[in-house]
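Asks:
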Amino acid sequence: MIQNSLVRLEPLEVAVIYAMLLISLIPIFAVSKTNSITERIAYASSFGNKLAFMIVAFGIFKGDWMIGCIGAFILIIGDAGMLILSLLEMRI
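Oh and the sequence shown: position 55 is 46 in my numbering, straight run, nothing missing.
So this is what it looks like as structure tokens:
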């Protein structure tokens, strides 16, 4: 029988996660204020990086390295996607 056991996070860890979440909202605000496509791509990349780092931090806090690996995978693939998107935008 498989038991579901919840892993409680410490209050400091929860505060760090919430702070990272609030900081990740800054690029969304910046995207809404700019009209340049290249700046929007840069802000979207920043947002993706912040969320990937938040996933990695959560995985470390929880002690589950699979979640951390998924965050690292998102970080790598997201950067590659933004690089391709920016190269396409430069070509157009």
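Note that beta-carbon positions come from the ideal geometry of N, C-alpha and C, so glycine has one too.
Pull up the distance between the alpha-carbon of Phe38 and that of Lys53, whole angstroms please.
Replies: Position 47 of the sequence shown, counting from 1, holds the residue named residue 38. Position 62 of the sequence shown, counting from 1, holds the residue named residue 53. Rounded to whole angstroms, Phe38 to Lys53 spans 23 Å at the Cα level.
Asks: With Leu78 as the anchor, note down where its alpha helix (DSSP H) starts and where it stops.
Replies: Along the sequence shown, one-based indexing puts residue 78 at 87. Looking at the DSSP string, the run of the alpha helix (DSSP H) that includes Leu78 is 56 to 82.
Asks: Report the CB separation of Ala48 from Met11 in whole angstroms; it is logged as a contact under 8 Å.
Replies: The residue labelled residue 48 in the question sits at position 57 within the sequence shown. The residue labelled residue 11 in the question sits at position 20 within the sequence shown. The Cβ separation is near 6 Å, so the contact holds.
Asks: Any contact of the region 57 to 70 with the region 7 to 26, i.e. 3+ C-beta pairs under 8 Å?
Replies: Counting Cβ pairs under 8 Å, fewer than three are found: no touch.
Asks: Relative to the alpha-carbon of Met81, which residue among Glu30, Ile67, Ile17 has its alpha-carbon at the smallest distance?
Replies: Within the sequence shown, the letter at position 90 stands for residue 81. Of Glu30, Ile67, Ile17, the residue nearest in Cα terms is Glu30.
Asks: Using the three-state DSSP reduction, which class does Thr25 fall into: helix, strand or coil?
Replies: The count along the sequence shown starts at 1 and reaches residue 25 at position 34. Coil at Thr25, not helix or strand.
Asks: How is Glu4 classed by DSSP in three states: helix, strand or coil?
Replies: Residue numbering aside, residue 4 sits at position 13 when the sequence shown is read from its first letter. Helix at Glu4.
Asks: Determine the DSSP secondary structure at Leu12, reduced to helix, strand or coil.
Replies: Mapped onto the sequence shown, residue 12 falls at position 21. Helix, per DSSP.
Asks: Quick one, are the C-beta atoms of Ile68 and Met45 less than 8 Å apart?
Replies: Within the sequence shown, numbered from 1, the residue matching residue 68 stands at position 77. Within the sequence shown, numbered from 1, the residue matching residue 45 stands at position 54. Their beta carbons are not under 8 Å apart, which means Ile68 does not touch Met45 by this criterion.
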